[in-house]
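Numbering (the numbering used here), first residue to last: 72 to 278. Everything on this sheet refers to the single structure shown next.
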Ligand SMILES: [Zn+2]
Ligand SMILES: [Zn+2]
């Protein structure tokens, strides 16, 4: 999973060339049709990569959770937060992490200046948390993730499309400076989470 995230992040524009990138025409990686800046993505499970997709190609892969290509859903959910004790119980050394269930198991990653970094997850603690917080078990394998962020005594929980996690990883990789990230990185990360919050529907009331 790490290699897939790295590959996606590696394809992001370098910080020095945003103007050139904006002028580039984005294309569907399945049929080469031109796509709008806002477009869907399809996960290639076999090659662990994320592909930009036009609407017709995207729709081909909306159904089914076990094929090679899977459309990334566009649902954003917000669940009840964890308590700080619950978060500490996971023993993770960071304040933001995403949990991704792949066909080969569950992984936990955090965004770092080096890209997405995998850390160890205590599966017993995680399954206890999932019983107490049912949304944690609802992310679809390979295409959705649980994103958790601790801000002081609040521990926010979201269910997000996997491409949102890649976006967060790319933001941290591009803007993080020094030990604490610096002001620009903090502002961009806050803006990312504000955007997630504005899109998210409360878990259990989403239908
Ligand atoms: Zn296409
Ligand atoms: Zn894309």
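Ideal Cβ placement from N, Cα and C applies to all residues, glycine included.
Residue 172 and residue 124 do not touch by the CB rule: their CB atoms are close to 22 Å apart, not below 8 Å.
A straight line joining the alpha-carbon of residue 148 with that of residue 266 spans about 12 Å. Annotated as distal: residue 117 and residue 141, with beta-carbon spacing of 7 Å or more. Linking residue 166 to residue 234 through their CA atoms gives a straight-line distance of about 20 Å. Considered as a whole, the stretch 182-263 harbours 186-190, 215-222 and 225-232 as its complete beta strand (DSSP E) runs of no fewer than 3 residues, in chain order. Between the stretch 240-249 and the stretch 218-231 there are fewer than three C-beta pairs closer than 8 Å, too few to call the two in contact.
Only buried fits residue 238, as 16 or more other CB atoms lie within 10 angstroms of its CB. Rounded to the nearest angstrom, the gap between the Cα atoms of residue 204 and residue 196 is 12 Å.
Secondary structure note for residue 140: it is in no alpha helix (DSSP H), and the uninterrupted beta strand (DSSP E) holding it is 140-142.
Nearest Cα to residue 227 within the set 152, 106 and 104: 152. DSSP places residue 128 outside any beta strand (DSSP E); the residue lies instead in the alpha helix (DSSP H), whose first and last residues are 126-131. Taking the Cα of residue 175 as reference, the smallest distance to any Cα among 241, 212 and 115 is reached at 212. Per the C-alpha coordinates, the member of 241, 206 and 200 positioned closest to residue 186 is 241. Under the three-state reduction of DSSP, residue 115 is assigned to strand. Between residue 145 and the set 214, 105, 252 and 189, the nearest pair of CA atoms involves 214.
With a beta-carbon spacing of about 21 Å, residue 143 and residue 96 fall beyond the 8 Å limit used to define contacts.
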